[in-house]
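A.B. asks:
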Amino acid sequence: MAGTGLFLCFFLVIHLLGNLQLLLPAAEAKEQFNWYSHLLAGNLFIKIVSWVLLLSIIAHAVYALIITRKSNKANGTKYAYDKRGASSTWNSRNMGLLGTVILVFLVIHLKDFWYVSDFTTMNLDKQGNKDMYSVVVLTFHEWWYVLIYEISFIALGFHLLHGFFSAARTLGIYHPKYVNLVRYTGWVYTAFITGGFMLIPIYLYFNN
Amino acid sequence: MKIYLKIWRQDSLATAGEMVVYQLDEVSSDMSFLEMLDLLNESLIQKSERVIEFDHDCREGICGQCGVMINGRAHGPLAHTTTCQLHMRSFKDGDTIHIEPFRAAAFPVVRDLKINRHSLDKIIQSGGFISASSGEAPEANGLLISHPVAEAAFDAGSCIGCGACVATCKNSSADLFTSAKITQFALLPQGNIERTERVLAMVDQMDAEGFGHCTNTEACEVECPQEISVLHIARMNYEYSKALLLKRN
Chain L
6 MAGTGLFLCF
16 FLVIHLLGNL
26 QLLLPAAEAK
36 EQFNWYSHLL
46 AGNLFIKIVS
56 WVLLLSIIAH
66 AVYALIITRK
76 SNKANGTKYA
86 YDKRGASSTW
96 NSRNMGLLGT
106 VILVFLVIHL
116 KDFWYVSDFT
126 TMNLDKQGNK
136 DMYSVVVLTF
146 HEWWYVLIYE
156 ISFIALGFHL
166 LHGFFSAART
176 LGIYHPKYVN
186 LVRYTGWVYT
196 AFITGGFMLI
206 PIYLYFNN
Chain D
171 MKIYLKIWRQ
181 DSLATAGEMV
191 VYQLDEVSSD
201 MSFLEMLDLL
211 NESLIQKSER
221 VIEFDHDCRE
231 GICGQCGVMI
241 NGRAHGPLAH
251 TTTCQLHMRS
261 FKDGDTIHIE
271 PFRAAAFPVV
281 RDLKINRHSL
291 DKIIQSGGFI
301 SASSGEAPEA
311 NGLLISHPVA
321 EAAFDAGSCI
331 GCGACVATCK
341 NSSADLFTSA
351 KITQFALLPQ
361 GNIERTERVL
371 AMVDQMDAEG
381 FGHCTNTEAC
391 EVECPQEISV
401 LHIARMNYEY
411 SKALLLKRN
């Protein structure tokens, strides 16, 4: 979980940095973002990374299912009266639920952009690049679509809040000084990723 | 004060159990929680009913024998307390108290609130001892151990093996228990020699006993009577990965 999780964490940073180009003024953003999409689509290295990414997501989910099954078996009889929730955070206990929300979101998200860019014929912009920018802007034209994305990002945020530091523990960082460093880094990382991704659909909705 | 009780009754592992309602009218707030159960058992004896069986030994908070779920929390509402060190002053007149055994597949119920924690003993047996015959006790200053290391080993070694960490874990993981034992032995020079084999054997035994995975919810540390730190779990993960990487066969 830790290995695939941290790889996906790293990917989110790259993904967000690329997406921040959408916040530029419309004409500039269109040119810049379509050029960037074209760059990614034409690169063999990026192609390989994207397949590794897909495999990581699947491995992360499958392994989660395996350990959940093992834990369910280990639990035995259920408590008749259970208040154990008071001793841990809600998100740390519901990583599976949050992960499922993110997985459903990913299916929608890949259909919206990956499927459209790779498997359909698209309009070209003035430079002759596929006009991904207009696809993105059109997608976030509907308020309920923005809402789906925002809810998914909130789920992602809570998932990362626990996942980031939990991964470090699994990998064996036990020195108190670095444990705290990881925890604070996790907070900053989560705020940056969640805030950044949440900002983009809202910005596009109100500016187009 | 008047206390209403809902207590898990189960004849044996083979039979189904259920929560049974009892009432005690004259509970003193000075009583310990276990004395309150003693009082209930006396009233059951007078009515010629089978007493409620529960684990207990020293009643001083140091043996790790007692332990039940009280109102849905391991060892009850107080932080870092064993069941025997909980007193009835923590409850109010007219309260209903739910009492259940610690639950995990690796902790089968023997009867009522009494469970079999032999699975924890087996983890210890799998590697938690020093196999070299040490003969007579050596001169105490012959083996130098710095004060911080001695303290850290003692912090880990203070685990009393009550099983509250397993009972409170959503995955029924025994990582806190196992990691405390591994750390205690790994830190001291006597245990250091066999640290590689030990961590592999103990973690494998923990899995074989049917405990679940740790997902770092940190609930175990919150409920632990000895405040064993969850950082021991991270240390165990480090020791385990290193041992896996370095083992020769």
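Quick note, the sequences are listed as chains L and D, same order.
Just so you know, the first sequence maps onto residues 6 to 213 in our numbering.
Just so you know, the second sequence maps onto residues 171 to 419 in our numbering.
Here a beta-carbon is modelled for each residue, glycine too, at the ideal position from N, C-alpha and C.
(1) Give a yes or no on whether 9 angstroms exceeds the smallest Cβ distance from residue 177 of chain L to chain D.
(2) Is there at least one Cβ from chain L nearer than 9 angstroms to residue 403 of chain D's Cβ?
(3) Kindly list, in the order they appear in chain D, the residues whose Cβ is closer than 9 angstroms to that of residue 181 of chain L.
(4) Between residue 268 of chain D and chain L, is there a C-beta pair that is closer than 9 angstroms?
(5) Going by DSSP, what residue range makes up the alpha helix (DSSP H) through residue 318 of chain D?
(6) Have a look at residue 200 of chain D and residue 288 of chain D and give me their C-alpha separation to the nearest angstrom.
(7) Which residues does DSSP pair with residue 302 of chain D in a beta bridge?
(8) How is residue 32 of chain L classed by DSSP in three states: helix, strand or coil?
(9) Determine the extent of the alpha helix (DSSP H) in which residue 95 of chain L is found, giving its start and end residues.
(10) Which residue from L/137, L/184, L/103 puts its Cα closest to that of residue 27 of chain L?
(11) Whole angstroms are fine: how far does the CA of residue 408 of chain D sit from the CA of residue 168 of chain L?
(12) What does the Cβ neighbour count give for residue 492 of chain D, buried or exposed, with the cut at 16 atoms within 10 Å?
(13) Is it the case that the CB of residue 183 of chain L approaches a heavy atom of the ligand SAH more closely than 8 angstroms?
(14) Residue 217 of chain D: buried (16+ other C-beta within 10 angstroms of its C-beta) or exposed?
(15) Can you grab the Cα-Cα spacing for the pair residue 258 of chain D / residue 200 of chain L, in whole Å?
(16) What does the alpha-carbon distance come out to for the pair residue 262 of chain D and residue 285 of chain D?
(17) Compute the Euclidean distance between the alpha carbons of residue 183 of chain L and residue 404 of chain D, then round it to the nearest angstrom.
(18) Would you list the residues sitting across from residue 267 of chain D in a DSSP beta bridge?
(19) Quick one, are the C-beta atoms of residue 203 of chain L and residue 158 of chain L less than 9 angstroms apart?
(20) Taking the alpha helix (DSSP H) that residue 409 of chain D falls in, what are its first and last residues?
(21) How would you list, in chain order, the residues of chain D whose beta-carbon sits under 7 angstroms from the beta-carbon of residue 91 of chain L?
(22) DSSP beta-bridge partners for residue 57 of chain L?
(23) Per DSSP, which one or two residues make a beta bridge with residue 193 of chain D?
(24) Identify every residue that forms a DSSP beta bridge with residue 281 of chain D.
(25) Going by other Cβ atoms of all chains shown within 10 Å of its Cβ, with 16 needed for buried, is residue 332 of chain D buried or exposed?
(26) Run through chain L and tell me which residues come within less than 9 angstroms of residue 321 of chain D, C-beta to C-beta.
(27) Going by beta carbon distance, what residues of the same chain come within less than 8 angstroms of residue 41 of chain L, once the five residues before and after it are set aside?
(28) From the beta carbon of residue 86 of chain L, is the nearest beta carbon of chain D less than 9 angstroms away?
(29) Can you give the Cα-Cα distance for residue 355 of chain D and residue 173 of chain L, rounded to whole angstroms?
(30) So, is residue 135 of chain L buried or exposed, given that buried needs 16 or more other C-beta atoms within 10 angstroms?
(31) If distances are taken between C-alpha atoms only, which option among D/268, D/235, D/366, D/292 comes closest to residue 252 of chain D?
(32) Kindly indicate the opening and closing residues of the beta strand (DSSP E) around residue 239 of chain D.
(33) Identify which residue in L/143, L/119, L/102, L/76 has its Cα closest to the Cα of residue 342 of chain D.
(34) Where residue 95 of chain L and residue 163 of chain L are concerned, what is the direct C-alpha to C-alpha distance, given to the nearest angstrom?
(35) How far does the alpha helix (DSSP H) with residue 272 of chain D in it reach, from first residue to last?
C.D. replies: Let me lay it out:
(1) So yes, residue 177 of chain L belongs to the interface.
(2) Taking Cβ atoms only, chain L reaches closer than 9 angstroms to residue 403 of chain D, which makes this a yes.
(3) 399, 401
(4) yes
(5) Here the alpha helix (DSSP H) through residue 318 of chain D covers 317-327.
(6) 33 angstroms
(7) In DSSP, residue 302 of chain D forms no bridge with anything.
(8) helix
(9) Bounds of the alpha helix (DSSP H) holding residue 95 of chain L are 95-98.
(10) Nearest C-alpha to residue 27 of chain L: L/137.
(11) 18 angstroms
(12) Given a span of 171 to 419 for chain D in the structure shown, any question on residue 492 of chain D remains unanswerable.
(13) Judged by which ligands are present, the structure shown has none, so any question about the ligand SAH falls away.
(14) exposed
(15) Taking the straight line joining both Cα atoms gives about 48 angstroms.
(16) 28 angstroms
(17) The alpha-carbon atoms of residue 183 of chain L and residue 404 of chain D are separated by roughly 12 angstroms.
(18) DSSP lists D/175 as partners of residue 267 of chain D.
(19) yes
(20) 401-416
(21) 243
(22) Residue 57 of chain L pairs with nothing; no bridge assigned.
(23) D/174
(24) D/284
(25) Residue 332 of chain D should be labelled buried.
(26) Residues of chain L passing the Cβ test: none, with the nearest at roughly 14 angstroms.
(27) Answer for residue 41 of chain L: 23, 26, listed in chain order.
(28) yes
(29) 23 angstroms
(30) buried
(31) D/235
(32) 238-240
(33) L/76
(34) 9 angstroms
(35) Taken as a continuous stretch (DSSP letters only), residue 272 of chain D belongs to no alpha helix (DSSP H), as it is neither H nor E.
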